[in-house]
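Have a look at the structure below before the remarks.
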Amino acid sequence: MTLLALRDVRFSYAAGRPVLGGVDLEVGAGEAVGLVGESGSGKTTLLRLALGLAKPTAGTVRFRDVPLDPRDRRQMRAFRRSVQVVFQDPYGSLDPRQRVRAIVAEPLRSLGVEGDHGALVAEALRAVGLEPDAAARFPHQFSGGQRQRIAIARAIVAGPELLLADEALSALDLTTRIRILDLLRELRGRMAILFVSHDIGAVAALCDRVVILEQGRIVEAGPTGDVLARPAHPYTRRLLASVPRLVAERTPNP
Ligand SMILES: Nc1ncnc2c1ncn2[C@@H]1O[C@H](COP(=O)(O)OP(=O)(O)O)[C@@H](O)[C@H]1O
Ligand SMILES: [Mg+2]
């Protein structure tokens, strides 16, 4: 079952040259897909389109076969419950004045989710490996890695079908990066993950399939093991040459 489908998606910022030049991308239910490319290749722009935050200049973005219409409020509300995002910066993305309990519960409030929010928050904190007493504390009382766990708890609290992660590991030190990667591996299967990274080694450890983006175009795509073992495109070979060994040597998918 396909959750997210981009068809010949093109995008330009006002009066600029095309940032995405006709992208086809699918993410199936429970699947983990890596989107790899250098800085400026269009990864974040693609995620913004997948989130309905921007409209393609041409082409379509569908979720569960329904074209996204950012102006359709009812559709967007249901959609936001299904698709959540984690960003790179574990410091900037959490409101410093709110307790973790309120931060993690935010999607439940804004989406009007019924039920016991306290229990859902506790379950999300448990799922990301934080102690229950984290709920009463403030973001500044946590390390960068713990903050990223809080951001992930917020992203999964309403039970999304698809989690978008935009360079979610790149602000973290190597040890923390591996821990958060392990957490994402635990979540994989419970939800689909579109994992945006310029770190092909982290993608190898998490993703079933990988899509390589160069200057707004997909230059290579396929099962992660195949693409890494036999990169067909010079750009992919160049990216592979810069993989940190520690991450690269971790086992790919079970
Ligand atoms: N708000 C914006 N206005 C104009 N150009 C932008 C904007 N955001 C990104 N860009 C440009 O679009 C291209 C792709 O950016 P981005 O999607 O952020 O790439 P990535 O996430 O892969 O680093 C870059 O050339 C960038 O300068
Ligand atoms: Mg980006």
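Residue numbers for the sequence shown, in the working numbering: 0 to 253. The beta-carbon is built from N, C-alpha and C at its ideal position, and this holds for glycine as well. None of the values given here were measured: they were computed from a predicted structure.
Gln97 carries a coil assignment under DSSP once its states are collapsed to helix, strand and coil.
For the set Ser109, Gln97, Ala101 and Pro95, the Cα lying nearest the Cα of Arg73 is the one of Ser109. The nearest non-hydrogen atom of ligand 1 is less than 6 Å from the C-beta of Lys42.
Along the length of the region 204–238, whole beta strand (DSSP E) runs at least 3 residues long occupy 208–213 and 216–222, reported in chain order. Phe62 sits in a strand when the DSSP states are folded into three classes.
Under the DSSP assignment, Asp7 falls in the beta strand (DSSP E) whose first and last residues are Thr1 to Ser11. Secondary structure at Leu52: coil, using DSSP grouped into helix, strand and coil. Looking at Val210, Gln214, Gly215 and Ile217, the one whose alpha-carbon comes closest to that of Leu227 is Val210. Residue side-chain check: Val18 places its Cβ nearer than 6 Å to a non-hydrogen atom of ligand 1. Comparing C-alpha distances from Ala123 to each of His139, Glu105, Gln140 and Gly111 shows the shortest one belongs to Glu105. 7 Å or more divides the Cβ of Phe194 from the Cβ of Ala220. The continuous stretches of beta strand (DSSP E) do not include Gln74, which lies in the alpha helix (DSSP H) extending over residues Arg72 to Ser81.
If you check the CB distance, Ala191 and Leu161 come in under 7 Å. Relative to ligand 1, Tyr234 has its C-beta separated by 6 Å or more from all heavy atoms. For Tyr12, the number of other beta carbons within 10 angstroms of its own is below 16, and it is reported as exposed.
Excluding five sequence positions before and after Leu180, the CB atoms of its chain that fall closer than 7 Å to its own CB belong to Leu168, Ala201, Ala204 and Leu205, given in chain order.
Between Gly21 and Thr1, the CB-CB gap reaches or exceeds 7 Å. Residue pairing by DSSP places Val22 opposite Val8 in a beta bridge.
As summarised for the region 116–154, the continuous alpha helix (DSSP H) elements at least 4 residues long and confined to that stretch are 116–126, given in chain order.
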